[in-house]
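So for the sequence shown, full-length UniProt numbering puts the first residue at 18; every next one is plus one.
Idealized CB from N, CA, C, for every residue including glycine.
For reference, the structure discussed in these notes is given below.
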Amino acid sequence: TPPSGAPRPRLTFLGTGYLGATYAICFAELGYEVIGFDVDAEKIARLAAGQVPFHEPGLDELLRRNLATGRLRFSTDMAEVAEFGDVHFICVGTPQRPGGMGADLSYVESAVTELSQHLTRKALIVGKSTVPVGTAEWIEQLVEKHVPAELGVEVAWSPEFLQEGFAVEDVLRPNRVVVGVRSDWANGMLYAVHKGVFDLAVTEDREVPLVVTDFATAELVKVAANAFLATKISFINAMAEVCEVAGGDVTQLAKAIGYDPRIGNRFLQAGIGFGGGCLPKDIRAFQARAQELGAGEALRFLHEVDLINQRRRARVVHLAAELLGRRSGPAGPDLSGTRVAVLGATFKPNSDDVRDAPSLAVAVALLKAGAQVRVFDPEGMANARRAHPELTYAAGMAEACQDADLVCVLTEWTDFRNADPVALGEIVAGRRVVDGRNCLDPGMWTRAGWEYRGMGRP
Ligand code: NAD
Numbered sequence: 018t019p020p021s022g023a024p025r026p027r028l029t030f031l032g033t034g035y036l037g038a039t040y041a042i043c044f045a046e047l048g049y050e051v052i053g054f055d056v057d058a059e060k061i062a063r064l065a066a067g068q069v070p071f072h073e074p075g076l077d078e079l080l081r082r083n084l085a086t087g088r089l090r091f092s093t094d095m096a097e098v099a100e101f102g103d104v105h106f107i108c109v110g111t112p113q114r115p116g117g118m119g120a121d122l123s124y125v126e127s128a129v130t131e132l133s134q135h136l137t138r139k140a141l142i143v144g145k146s147t148v149p150v151g152t153a154e155w156i157e158q159l160v161e162k163h164v165p166a167e168l169g170v171e172v173a174w175s176p177e178f179l180q181e182g183f184a185v186e187d188v189l190r191p192n193r194v195v196v197g198v199r200s201d202w203a204n205g206m207l208y209a210v211h212k213g214v215f216d217l218a219v220t221e222d223r224e225v226p227l228v229v230t231d232f233a234t235a236e237l238v239k240v241a242a243n244a245f246l247a248t249k250i251s252f253i254n255a256m257a258e259v260c261e262v263a264g265g266d267v268t269q270l271a272k273a274i275g276y277d278p279r280i281g282n283r284f285l286q287a288g289i290g291f292g293g294g295c296l297p298k299d300i301r302a303f304q305a306r307a308q309e310l311g312a313g314e315a316l317r318f319l320h321e322v323d324l325i326n327q328r329r330r331a332r333v334v335h336l337a338a339e340l341l342g343r344r345s346g347p348a349g350p351d352l353s354g355t356r357v358a359v360l361g362a363t364f365k366p367n368s369d370d371v372r373d374a375p376s377l378a379v380a381v382a383l384l385k386a387g388a389q390v391r392v393f394d395p396e397g398m399a400n401a402r403r404a405h406p407e408l409t410y411a412a413g414m415a416e417a418c419q420d421a422d423l424v425c426v427l428t429e430w431t432d433f434r435n436a437d438p439v440a441l442g443e444i445v446a447g448r449r450v451v452d453g454r455n456c457l458d459p460g461m462w463t464r465a466g467w468e469y470r471g472m473g474r475p
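Next comes the structure, spelled out in structure tokens:
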């Protein structure tokens, strides 16, 4: 615990994507003075002008409010950032390396190197991006190389667990704070950084557990959590596969096993599997790192988790062919001459993130199988167009479904869940629906004359 009345540290966030921008904005909201930094000048200009460059519920208002207070600024000037901050958070991307399973740490390296070259006073550099275990130590070496020892710059790790779509809530009201530290000073600084979060919890009569640990454990907590979540999803999707051949209903199975509190009902929805900028790349990078460390066997199951996940995408194409009365050859089904509406492009609802989105992977697979595909998503259209210009996009749900032989619901946006099967039935050419997220009421759709296929449902 720092001495009471200790000044609040000034914070910087390097990398203002989904993670860094949300953090910068929310910590300004908690009363800290903050600068968000990015190498993407356009992103910084938009943020400085009060526009969140991605879709995250509630974030726009907080951004504008905190810009107005003067507590929150955005910059592309590293000298300004280095001079300003007591604590610098590394929030840059760590994507999958092209052609490999490991994480690409080049953005982390350049952010830390540039910051280090500009530091003129003692500060704490805190890693927040998801990284392979051992990265914090490597950053210490980078800092040692570039920063004079007498400045006493230190490194710490604090993994992040926010979920897109709930990011504001997750940052202001996290279910835990994890810090990996090497010194009492770093520990005290990170306590001071999170004091706003702890104080808010006290006023709301909640508790936020704080786990103080070493570097390796802090780094591993994040990838272990993601490995567990991915496994939970693939577990229920494996049960869906079995239900599909045995004639069971995985939604009822999930409900029934979820009543056991040891299992729990969350993250137990069978469907077309997980995607996004985190889970898929994180479980691969974790396997790659474990292999480097000689513990590859321990994580071999994650390979299976990944395979189950990929098979779900193929399953949608199979169901589409079945509904459309097309046989599968050795090269997969031939869907030429069919028109398919794909509802959903983002990897989950309430986000515009299309990174490794199962919905778009399926849309591309349907297109490759010969179908004419029209995609609509409430928030993800711009990103989807950029990622997959080969697909055709519609301006709305009705336009996507007009004259379609088949409708595939692949992201569970509320608008799709609440779609009226009677009205949609009037505009399609054939009432066939694949419910890739088991988010529709099969009875309602069947009564409206639709042939319905869910995932792992009879
Ligand atoms: P993102 O791609 O949205 O943002 C990364 C940002 O870093 C971009 O704006 C990019 O311009 C910037 N950047 C790249 N190089 C830079 C540099 N040298 N200096 C400053 N900025 C630089 O990615 P994201 O989703 O925000 O993820 C960032 C990290 O956080 C990843 O490691 C990810 O795994 C982790 N994470 C993400 C989430 C999430 O829900 N998105 C949750 C927890 C952890």
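Give a single yes or no on whether residue i has its beta carbon closer than 7 Å to a heavy atom of the ligand NAD.
i: V56; result: yes
i: G144; result: no
i: Y40; result: no
i: A412; result: no
i: L319; result: no
i: G213; result: no
i: T363; result: no
i: V109; result: yes
i: K60; result: yes
i: Q180; result: yes
i: E186; result: no
i: S127; result: yes
i: G37; result: yes
i: T152; result: no
i: L64; result: no
i: Y469; result: no
i: E177; result: yes
i: C295; result: yes
i: I31; result: The sequence given here places Leu at residue 31; Ile does not occur at that position. L31: yes, Cβ under 7 Å from the ligand NAD.
i: T147; result: yes
i: Y49; result: no
i: D124; result: Note that residue 124 is Tyr in the sequence shown here, rather than Asp. Within the cutoff, so yes.
i: G102; result: no
i: G34; result: yes
Quick check on the DSSP output: the alpha helix (DSSP H) that includes residue i runs from which residue to which?
i: Q304; result: L296 to E309
i: E339; result: R317 to L340
i: I250; result: F232 to A263
i: E131; result: S123 to H135
i: S368; result: Neither: S368 is in no alpha helix (DSSP H) and is coded neither H nor E.
i: W155; result: T152 to H163
i: F393; result: That residue, F393, is in no alpha helix (DSSP H); its beta strand (DSSP E) goes Q389 to F393.
i: R402; result: M398 to A404
i: E186; result: A184 to L189
i: D277; result: Segment: none, D277 is in no alpha helix (DSSP H) and carries neither H nor E.
i: residue 1; result: Nothing can be reported for residue 1: it is not among the residues displayed for the chain, which extend from 18 to 475.
Which residues mark the beginning and the end of the beta strand (DSSP E) in which residue i is found?
i: A358; result: R356 to L360
i: F364; result: No beta strand (DSSP E) holds F364; DSSP gives it neither H nor E.
i: T29; result: L28 to L31
i: R434; result: Note, R434: premise wrong, no beta strand (DSSP E); alpha helix (DSSP H) at T431 to R434.
i: V143; result: L141 to G144
i: E171; result: E171 to W174
i: I52; result: V51 to F54
i: residue 15; result: Nothing about residue 15 can be read from this structure; the chain reaches only from 18 to 475.
i: residue 5; result: The requested residue 5 is not part of the displayed model; the chain covers only 18 to 475.
i: residue 1; result: Any question about residue 1 goes unanswered here, given that the chain covers just 18 to 475.
i: G197; result: V194 to G197
Inset, instruction - Report yes or no: do the region 92-109 and the region 139-149 share at least 3 C-beta pairs separated by less than 8 Å? - result: yes
Inset, instruction - Could you say if the region 84-104 and the region 113-123 meet the contact criterion of at least three C-beta pairs nearer than 8 Å? - result: no
Inset, instruction - Please list the segments of the alpha helix (DSSP H) lying wholly inside the region 412-453, counting only runs of 4 or more residues, in order along the chain. - result: 414-418, 431-434 and 438-444
Legend entry - the region 45-57 touching the region 77-95, judged by at least three CB pairs closer than 8 Å: yes
Legend entry - At least 3 beta-carbon pairs within less than 8 Å: the region 374-388 vs the region 319-333: yes
Legend entry - the region 147-157 in contact with the region 338-349 per 3-pair CB rule at 8 Å: no
Legend entry - Sequence ranges, alpha helix (DSSP H) only - wholly within the region 82-122, length at least 4: 95-101
Legend entry - Inter-stretch contact at 8 Å, needing at least 3 Cβ pairs: the region 295-305 / the region 398-415: no
Inset, instruction - Check whether the region 64-73 touches the region 32-44, taking contact to mean three or more Cβ pairs, one atom from each stretch, closer than 8 Å. - result: yes
Legend entry - Inter-stretch contact at 8 Å, needing at least 3 Cβ pairs: the region 222-237 / the region 167-182: yes
Legend entry - Cβ pair count under 8 Å reaching 3, the region 262-275 against the region 312-331: no
Inset, instruction - Would you check if the region 178-197 and the region 72-86 touch, i.e. whether three or more CB-CB distances between them fall below 8 Å? - result: yes
Legend entry - Three CB pairs or more closer than 8 Å across the region 356-374 and the region 393-408: yes
Legend entry - Touch test, the region 437-451 against the region 415-423, Cβ-Cβ under 8 Å, three pairs minimum: yes
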